[in-house]
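Take a look at the structure below.
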Amino acid sequence: MVADIGYGVIFIAFLVALYSVGAAIYGDRTKSAGWVESARRAMLLLWPLISISAAALIYLLVTNHFEVSFVYEVISRDMPTYLKITAWWGGQAGSLVFWSWLMSAFASLVTLRKWDRDREFLPWVIVVTSLTTAFFLALVVFYENPFAEFWRGPDGKLIADASGNAIKSMFAPMLNASLAIPTDGNGLNPFLRNPGMIIHPPMLYLGFVSFVIPFAFAIAALITGRTDDRWIRITRRWTLWAWLFLSCGLVLGSRWAYDVLGWGGFWGWDPVEIAALMPWLTGTAFLHSVMIQEKRGMLKQWNMLLIILTYALVIFGTFLTRSGILSSVHAFAESAIGPAFFTFIGITFVGSIALLIYRWPDLRGETEMKSMLSREALFLLNNLLFISVLVVCFWGVVFPIISEIFTGQKVTVGPPFYQTATGPLFAGLMLLMGVAPLSAWGHSSLKTLGRAIWKSVIAALVITIFLFFTYTANPIALVAFFLVAMVILVTLQEFWRGTAARMKAQSENAFTAFWRLVGRDRRRYGGYVIHLSMMLMAIGILGINLFQIQTQGTVPVNSSLSLGGYTVKYDSVAQFPGPDGQQVTRAVVSVYQGNNYLGDLYPRIDYYPTEKQNMTIPGDRPTLKDDLYIILVDWQPTSTNGATFKIFVNPLVNWLWIGAIIFLFGIIFAAWPDRDAERVPARSHHIHQPDANQTGAAD
Amino acid sequence: MEDAMSKMQNSKTQGRKTQNAIALPILLALTCGLVLASQPYQKVFAQQPVPTPSDDQVNQIAHQLYCPVCEDTPLDVCPTEACRQWRDLIRQQLSQGWTEQQIKQYFVQQYGVRVLDEPPQTGLNWLIYILPPVIILAGAFILFRALRMWTKPGSASAASGSKDETVKDEYVARFEEELKKRK
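Line by line, the protein sequences are chains A and B.
The number in the numbering used here is simply the position in the first sequence, starting from 1, with 382 added.
The number in the numbering used here is simply the position in the second sequence, starting from 1, with 61 added.
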């Protein structure tokens, strides 16, 4: 009954989404405000409808309705209630409902904003957001129905297809069939039970769906021909929040990998990770290049292209992880949703590009580039580098698929390819991060730039020489540390320059001057905080990638392994049941540095009997210098040899996590809504400026 | 007039100098990065066939191989029983004096090239290595050409593309000022 309600309501939501698309197009074509308003209200109805369906699904999960196939696949009786709720996005069908639910929430939020000055955008924003929601709802309604149930024939046997797989259906597949209720479910994949993994998918999805909003406005601008920078001004904060969520998703995913996967790293250049990184790359390029359009009225075509690419990559990323294409081309062909996704991406991408080409002449720049060293020129270079990283990532993910299609041969594109290809590009981005903040909009010369940067360059060189004598002679590390030091110094210098100018001009003390400086231009100084945090993260990434050391060995009790100045003594091991139904094997090791006792660590293996899966949870000792990371690789109760441990020393890696927290803070700082709209920076005085003060409350 | 012309000339030269100035460090950084990054990944352990190979020697080779059955999981960290047996096989092969290359070759023969962490540089696989640099260099070329065109005083795009007639290159402005003075 509840499953029927859930399915019925989501089917109605699908029809409402289609109606919303149709009414909005009709309303725009016939200039009927009534139809557009009807479309808007239909769109507002989507979120409550999908919420009812989601509530039905959660109810089924929490109350162990195993006759529902999705419930059977993702939970088991012994799981705690909170995990049964989060299992909503732990499987394919549920995660599609979750995607639609978030999408409809964002669509509702955007339609609730004041539309007085941008009325012409409204129907097309509705069309794009409702169409995207309708697509995901269609996947749920027609292909991946989480409410489908198992059935038993009159003979009491489970109804199955020719290959013996249980048939899942909303309706009885034959006369006198009754629901088949398994006694217990498969349970949630243990990897998805970690807090990081519980929050990670919602954050990624939030990032994905919120990037749909700027795309919707871009398409609205293309269709209506309102090609000034209004759409960018309206969506500026949406884009920043989208970027925040996506970044947060990536950071949480990395931390989860570090904490749970037990391989001593946080980023394995896995296609699923790259699927989430790709829209982040174009989104980051977009965040920079919209500034050029706002300040200088240039790159309108490029910005359109970037947001179209970002949207396409959002859908592509979901497609990659949901269609089965990554495991094999055959899995893709057999999956129901793969071809549907492929068609949707194709149609929306080609359609958007066709629109862009149609409006191409109207999107010419209002001014010209004056100098190769101007900030806009450097931002363009930044865009080139981000897109280059994207090319590497995209090709690395797609090539194995192409290889399998054309040669039938599966290949793996692993970390060495990505590290070699993206390393220099990231170095180029760091160099730009150091130079660009010092260049001016419009015009800069070598002389002015040189004057602004030379002190930081000299100081960075001194730091690098110091590191050469005290820390490392690795040339890659030294080049990278030089760039890190330069960016940090330049950025701090920028803070100081602004503060000093205010102290002088406004006669303020240093604290007040600093506070007001960053408060008055949060976007800029938030950006600088993000640059600083990126450099801290770079230190961590360099540390673990260039200086990680590891060893593995089997030792009896009271014996030890040594690595990087640490001695790890194996004290004992114990087995006991865990709170989540798992069997825990936990070792106790004591850590020494020389003769200095530092404390105990508890690496463990959690075995989940229902899922027949092991989880290796490391014991780690984080410091600013390094992270001692110990994994219990193997221990057998009958073994007399002792236990096998793998020990990593990951230098500097904790700067990555510190940087990540500051990074997220920086985005929130930059994205937080302004109290008054007057702070919207005016573009150059000579450019037509339609309505710089018209940033609505919901912007 | 000559003075103005020479200033324009200077501005062009300066434009090129500026272009070089910006292109040089970035290209240098990219080249350095490419050269440095293409150096073999630091090897901790030398390949020495020994009777009882250590876990570290086994892992050093397993790290360069991918699990033949799991998706995108390096063999050294794969927790499955099958992978444990494959690591034992590597240990056995090492103890029999096999070289790293022979072991990798064995796995490729048994399970296909997907066990390697990079596609071998043969046939269609060349595309993976060639296409990204070609696209990136083409992108860089287009961008530099566009920048050069834009920053050239009186460029074609400026004449055709700009809606804003008041926007003029500062050198042109200076040039016009000179003309006015002469009148």
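Positions of the beta carbon are idealized from the N, C-alpha and C atoms, including for glycine.
Taking a beta-carbon distance threshold of 7 Å, Leu204(B) counts as an interface residue toward chain A. Residues of the region 118-133 of chain B with a C-beta atom less than 7 Å from some C-beta of chain A are Asn120, Tyr127, Glu132, Asp133, listed in chain order.
Contact check for Val973(A) and Val937(A): beta-carbon distance about 14 Å, past the 8 Å limit, so the pair fails to qualify. Val971(A) places its beta carbon 7 Å or farther from that of Leu980(A). Burial is judged here by how many other beta carbons sit within 10 angstroms of a residue's own beta carbon; Pro961(A) has fewer than 16 and is exposed. Chain-ordered, the chain A residues with CB closer than 7 Å to the CB of Ala201(B) read Leu766. Proximity of Trp211(B) to chain A, defined by a Cβ-Cβ separation below 7 Å, is satisfied. In terms of beta-carbon proximity, Val774(A) lines the interface with chain B, with at least one pair separated by less than 7 Å. Contact with chain B is found for Val793(A), since one of that chain's Cβ atoms lies less than 7 Å from the residue's Cβ. For Thr789(A), the chain B residues whose C-beta falls within less than 8 Å of its own C-beta are Gly184, Leu185, listed in chain order. Between Thr515(A) and Ser486(A) the beta-carbon gap is near 5 Å, inside 8 Å, which marks them as a contact. Bounds of the alpha helix (DSSP H) holding Ala598(A) are 577-606. Gly935(A) belongs to the set of residues whose beta carbon lies under 7 Å from a beta carbon in chain B.
For Met812(A) and Phe768(A), the gap between their C-alpha atoms comes out near 11 Å.
Using beta-carbon distances, Met686(A) does not count as an interface residue toward chain B, since no partner is under 7 Å. Residue pairing for Pro1004(A): DSSP places it in a beta bridge opposite Asp1009(A). For Gly650(A), no pairing in a beta bridge is given by DSSP. Setting aside the 5 residues that flank it on each side, Asp744(A) is surrounded in the same chain by Gly607, Thr609, each with a C-beta closer than 8 Å to its C-beta; the list follows chain order.
Residue contact with chain B for Asn1023(A): absent (no Cβ-Cβ distance below 7 Å to any residue of chain B). Minimum Cα-Cα distance from Gly909(A) among the listed residues Met673(A), Pro564(A), Met751(A) corresponds to Met673(A).
From the beta-carbon of Lys886(A), no residue of chain B is found nearer than 7 Å; the closest lies around 29 Å away. Here Gly631(A) carries a helix assignment [DSSP, helix/strand/coil]. When the beta-carbon positions are compared, Leu755(A) and Leu831(A) come within less than 7 Å of each other. Listed along chain A is no residue with a C-beta nearer than 8 Å to that of Asp149(B); the closest approach is about 12 Å. Taken atom to atom, the span from the alpha-carbon of Asp498(A) to that of Leu504(A) is near 10 Å. Contact annotation: in the region 163-175 of chain B, residues whose CB is within less than 9 Å of a CB in chain A are Gly173, Val174, Arg175.
Note that the C-beta distance between Val130(B) and Ile151(B) is not below 7 Å.
Beyond the five residues adjoining it in sequence on each side, Thr1005(A) comes within less than 8 Å, by CB distance, of Asn1036 in the same chain, given in chain order.
Between Val591(A) and Leu484(A), the CB-CB gap stays under 7 Å. Per DSSP, reduced to three states, the secondary structure at Ala559(A) is coil, with no helix or strand assignment.
In this structure, the CA atom of Gln975(A) is about 47 Å from the CA atom of Leu766(A). Within the same chain, Ala892, Ala895, Phe896, Leu899 come within 7 Å of Thr881(A) by CB-CB distance, once the 5 residues on both sides are set aside.
Per DSSP, the unbroken alpha helix (DSSP H) holding Lys682(A) starts and ends at 682-704. The beta carbon of Pro798(A) falls within 7 Å of a beta carbon belonging to chain B, placing the residue at that interface.
With a threshold of 16 other beta carbon atoms within 10 Å, Trp187(B) falls short and is exposed. Interface annotation for the region 745-771 of chain A against chain B: Arg746, Gly747, Glu748, Thr749, Glu750, Met751, Lys752, Ser753, Met754, Leu755, Ser756, Ala759, Leu760, Leu762, Leu763, Asn765, Leu766, Leu767, Ile769, Ser770, criterion Cβ-Cβ distance under 9 Å.
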